[in-house]
Amino acid sequence: MKTALITGITGQDGSYLSEFLAKKDYKVIGMVRRNSSVENRGRIDNLPADVRGKIVLEYGDLQDMQSMVRLLKQYAPDEVYNLASQSHVKISFEQPVLTAQVTAIGALNLLEAIRISDVNCKFYQASSSEMFGKAEESPQNEQTKFHPRSPYAISKVFAHMAAINYRESYGMFNACGILFNHESPRRGENFVTRKISIQANRIKRGEAKELLLGNLDAKRDWGFAGDYVEAMWMMLNHEKADEFVIATGQSHSVGEFCEIAFSHLGLNYKDYVKSDPKYMRPADVNTLVGDASKAKKELGWEPKVSFEQLVKLMVDADRAKN
Ligand code: NAP
Ligand code: F7E
Numbered sequence: 007m008k009t010a011l012i013t014g015i016t017g018q019d020g021s022y023l024s025e026f027l028a029k030k031d032y033k034v035i036g037m038v039r040r041n042s043s044v045e046n047r048g049r050i051d052n053l054p055a056d057v058r059g060k061i062v063l064e065y066g067d068l069q070d071m072q073s074m075v076r077l078l079k080q081y082a083p084d085e086v087y088n089l090a091s092q093s094h095v096k097i098s099f100e101q102p103v104l105t106a107q108v109t110a111i112g113a114l115n116l117l118e119a120i121r122i123s124d125v126n127c128k129f130y131q132a133s134s135s136e137m138f139g140k141a142e143e144s145p146q147n148e149q150t151k152f153h154p155r156s157p158y159a160i161s162k163v164f165a166h167m168a169a170i171n172y173r174e175s176y177g178m179f180n181a182c183g184i185l186f187n188h189e190s191p192r193r194g195e196n197f198v199t200r201k202i203s204i205q206a207n208r209i210k211r212g213e214a215k216e217l218l219l220g221n222l223d224a225k226r227d228w229g230f231a232g233d234y235v236e237a238m239w240m241m242l243n244h245e246k247a248d249e250f251v252i253a254t255g256q257s258h259s260v261g262e263f264c265e266i267a268f269s270h271l272g273l274n275y276k277d278y279v280k281s282d283p284k285y286m287r288p289a290d291v292n293t294l295v296g297d298a299s300k301a302k303k304e305l306g307w308e309p310k311v312s313f314e315q316l317v318k319l320m321v322d323a324d325r326a327k328n
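Right, here's the structure in full:
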């Protein structure tokens, strides 16, 4: 039985990856940070009992290297997935230093913890399409130049380059997945897709009258999180540590997401969606679209859920919750 250590296990991807690995008969060690309530463990605690039974939660923090050395020594994991981060782009403008401490230095702390503990493990870094930012070419692939547009994206570039540097310097098996936006019914409620799927349902039920959003013209390459965590595992089980873009190859605007979500509920989004400067960013990324042909060729990875299916499954999941 293999052992995997996941940071950020309580997040969207952490829950899907845990489920995926548990079904492959891994023992999953999830690092959780101390919180005044344990409610943020809902995504893990709601997993089926046979899956939950293979997951052990342990306290630790990306800002506390000692806690990670302890876990690495205690469990000697075969694979380490670094999914933890301050992952909200707009909030990174409000907390730039904290974002850098967690998302950039936190990743370096973990790489150092692995190096110091001398554990023979493979390492996955959750890199992001936000690193391309104001992209100079379209679609973006592994060779596209980075032009990060937020404290979050800058931090991800640092962590990405640190993982590559530790591979080149110390021979560590460090793989970086440059993942484009991926969503699900477990997506955090302040990311745009989930905000739309929740509020469209509230409007349908007569509990709300409008949906306030920021930039409706921003375009993203949105896929399903369940498809994307499989790519993480494939990268660590590939013959060589490398970088891979993971994306659908299709880009849609926030407005298009609204259109499908509302029409799925028999509503016209134009009657409800309004733009509010509060949700605008000091610098936004206008359009991103990924070219995942390397992942397809070398890993055999392909997305399974289409954009329209994704929007509808998120709206349906939030409808079923009430
Ligand atoms: P998420 O839902 O925001 O989850 C982030 C996780 O990081 C949570 O478990 C959070 O714990 C944990 N965390 C935050 N600060 C921490 C710290 N100091 N120490 C330890 N854990 C900490 O993010 P996600 O959508 O699952 O994304 C997973 C990773 O992929 C992130 O690194 C994200 O930046 C990156 N990424 C995401 C996407 C996407 O579209 N989803 C695309 C590309 C890259 P709490 O529950 O306690 O807050
Ligand atoms: O915004 C626009 C917003 O916050 C998408 C993270 O997982 O994916 C995510 O980052 C777009 C942006 O995701 C609202 O301006 C309009 O252009 O859902 P988002 P993101 O910023 O793309 C990348 C790949 C990551 O790595 C990140 O961790 O939608 N938008 N109105 C809005 N966005 C939000 N959140 N809220 C709005 O009201």
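Each residue of the sequence shown is one higher than the one before, starting from 7 at the first, in the working numbering.
We put the CB at the ideal spot given by N, CA and C, even for glycine.
Every value quoted in this text rests on a predicted model; they were computed, and no experiment measured them.
6 angstroms Cβ shell around residue i - same chain, five flanking residues per side excluded
{"i": "lysine 186", "result": "In the sequence under discussion, the amino acid at residue 186 is phenylalanine, which differs from the lysine named in the question. Correct list, in chain order: Ser135, Asp227, Ala253 and Gly296."}
{"i": "valine 125", "result": "Leu78 and Ala82"}
{"i": "histidine 188", "result": "Gly229, Ala231 and Tyr234"}
{"i": "valine 95", "result": "Ser156 and Tyr158"}
{"i": "leucine 63", "result": "Gly36 and Val38"}
{"i": "asparagine 52", "result": "none"}
Burial state of residue i (16 or more Cβ within 10 Å)
{"i": "valine 260", "result": "buried"}
{"i": "isoleucine 122", "result": "exposed"}
{"i": "glycine 66", "result": "buried"}
{"i": "methionine 7", "result": "exposed"}
{"i": "arginine 211", "result": "exposed"}
{"i": "proline 283", "result": "exposed"}
{"i": "lysine 225", "result": "buried"}
{"i": "valine 163", "result": "buried"}
{"i": "asparagine 207", "result": "buried"}
{"i": "aspartate 19", "result": "buried"}
{"i": "proline 309", "result": "buried"}
{"i": "serine 21", "result": "buried"}
DSSP-derived helix/strand/coil call for residue i
{"i": "histidine 188", "result": "strand"}
{"i": "methionine 7", "result": "coil"}
{"i": "leucine 367", "result": "The chain is shown only over 7 to 328; residue 367 falls outside these bounds and no answer can be derived."}
{"i": "arginine 226", "result": "strand"}
{"i": "tyrosine 87", "result": "strand"}
{"i": "phenylalanine 152", "result": "coil"}
{"i": "aspartate 51", "result": "helix"}
{"i": "glutamate 25", "result": "helix"}
Cβ-heavy atom distance, residue i to the ligand NAP, below 7 angstroms
{"i": "valine 279", "result": "no"}
{"i": "alanine 132", "result": "yes"}
Close beta carbons around residue i, own chain, < 8 angstroms, minus the five adjacent residues each side
{"i": "histidine 153", "result": "Phe138, Gly139, Lys140, Ala141 and Glu142"}
{"i": "histidine 244", "result": "Ala181, Glu304 and Leu305"}
{"i": "phenylalanine 99", "result": "Ser156, Pro157, Arg287 and Pro288"}
{"i": "glutamate 314", "result": "Ile266"}
{"i": "phenylalanine 257", "result": "According to the sequence as given, residue 257 is serine; it is not phenylalanine. Within the same chain, serine 257 has close Cβ partners Lys225, Arg226, Asp227, Thr293, Leu294 and Val295."}
7 angstroms Cβ shell around residue i - same chain, five flanking residues per side excluded
{"i": "asparagine 46", "result": "Thr16"}
{"i": "cysteine 264", "result": "Ile202, Tyr275 and Val279"}
Chain D within 8 angstroms of residue i, Cβ atoms only
{"i": "lysine 140", "result": "Protein chain content of the structure displayed is limited to a single chain, and chain D is not contained in it."}
task: Note down, one range per segment and in chain order, each alpha helix (DSSP H) of at least 4 residues found wholly within the segment 235-275.
output: Every alpha helix (DSSP H) stretch that sits fully inside the segment 235-275 and reaches 4 residues is listed by chain position as 260-270.
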